[in-house]
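Trainee: Numbering (the numbering used here), first residue to last: 5 to 207.
By construction, the Cβ of each residue, glycine as well, lies at the ideal position given by its N, Cα and C atoms.
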Ligand SMILES: [Zn+2]
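See below:
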C-alpha cells in the first residue's frame with residue numbers, strides 16, 4: 005500500500021503529460037511497425053528453433069541484427085568511460101533509426117554539447133535479449149526494435165522524465181515522426197525507451 009501511495013501521483017502526472025504531448029507533437033505517420041504482440045511474426049523469433057526465453061538464437065542474431073552508427077560521441081550510461089559508437093537493432097528498424105539520429109543530430113545543431121545536455125550521448129541500450137521486467141513475454145529490446153537513452157534522468161517509473169521537458173521534446177518528436185512509441189507517457193513510465201512497435205490491439 006505504501007507503493008500505491010507513491011505511484012498514484014506519478015500516474016496522474018504522466019497522464020497529464022501524455023495529453024500535453026498529443027497536442028504538441030506532429031501527427032504520427034501511418035506506421036508499418038507491428039503491434040507489440042506481433043513482434044515475433046514481424047521481426048522473427050529470437051529464441052530460434054530451440055525455443056525458450058533464456059538464450060537468443062545465434063542464427064537469428066546473425067540474420068537480423070545490424071549496427072546503426074551514431075553521428076555523435078556516446079558512452080554507456082552506466083560507465084562514461086565506455087565509448088559506444090552505434091546501436092545494435094533489427095535490420096528492419098535500422099533505416100528508420102538512421103533517419104532519426106540524423107534528424108536529431110541536425111536539430112541539435114551538430115553540437116556535442118547539446119547532445120550531452122539533452123541526454124542522447126548516454127546510451128542505455130539497444131538490442132538486448134531479455135524478457136520484460138514484469139512479465140513472461142520478450143521485451144521489444146529482444147527483437148532489436150527498441151533503444152534506451154539517458155536512463156539516469158529518464159528512469160523506469162519516473163513520471164517526470166527529462167525527455168518530457170519542453171526543451172528536450174524534439175527527441176520524442178523525432179521518434180514519433182517515424183512512428184516509434186515513447187515509453188515516457190505509459191502508466192508505468194519508461195522515459196528512456198523508444199520502440200518501433202505499435203500499441204497492442206484492444207489496449
Ligand atoms: Zn527500453
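1) Would you report the Cα separation of residue 142 and residue 99, rounded to the nearest angstrom?
2) Leaving out five residues on either side along the sequence, give the residues of the same chain with a beta carbon under 7 Å from the beta carbon of residue 2.
3) Do residue 1 and ligand 1 come close, with the Cβ less than 7 Å from some heavy atom?
4) Got a sec, what are the start and stop residues for the beta strand (DSSP E) residue 78 sits in?
5) Just to confirm, does residue 94 get its C-beta within under 7 Å of one of the non-hydrogen atoms of ligand 1?
6) Since residue 156 contacts residue 66 with CB under 8 Å, what's their CB separation in whole angstroms?
7) Straight-line CA distance for residue 164 to residue 110?
8) Where residue 189 and residue 161 are concerned, what is the direct C-alpha to C-alpha distance, given to the nearest angstrom?
9) Does the distance from the CB of residue 123 to the CB of residue 167 come in under 8 Å?
10) For the putative contact between residue 113 and residue 196, defined by C-beta atoms under 8 Å, what is the C-beta separation to the nearest angstrom?
11) Rounded to the nearest angstrom, how far is the Cβ of residue 92 from that of residue 130, given a contact under 8 Å?
12) At a cut-off of 7 Å, would you count residue 80 as near ligand 1, judging by its Cβ distance to the nearest heavy atom?
13) With respect to the beta strand (DSSP E) encompassing residue 185, which residues constitute its N-terminal and C-terminal limits?
14) Would you say residue 162 touches ligand 1, meaning its beta carbon is less than 7 Å from a heavy atom?
15) Is residue 90 near residue 107, with beta carbons less than 8 Å apart?
Mentor: To lay it out plainly:
1) 23 Å
2) The question about residue 2 has no answer here: the residues shown for the chain are numbered 5 through 207.
3) Residue coverage of the chain in this structure runs from 5 to 207, which leaves residue 1 outside it and unanswerable.
4) 69 to 80
5) no
6) With a Cβ gap of about 32 Å, residue 156 and residue 66 do not count as contacting.
7) 26 Å
8) 10 Å
9) yes
10) Not a contact, Cβ separation roughly 23 Å.
11) 5 Å
12) no
13) 185 to 187
14) no
15) no
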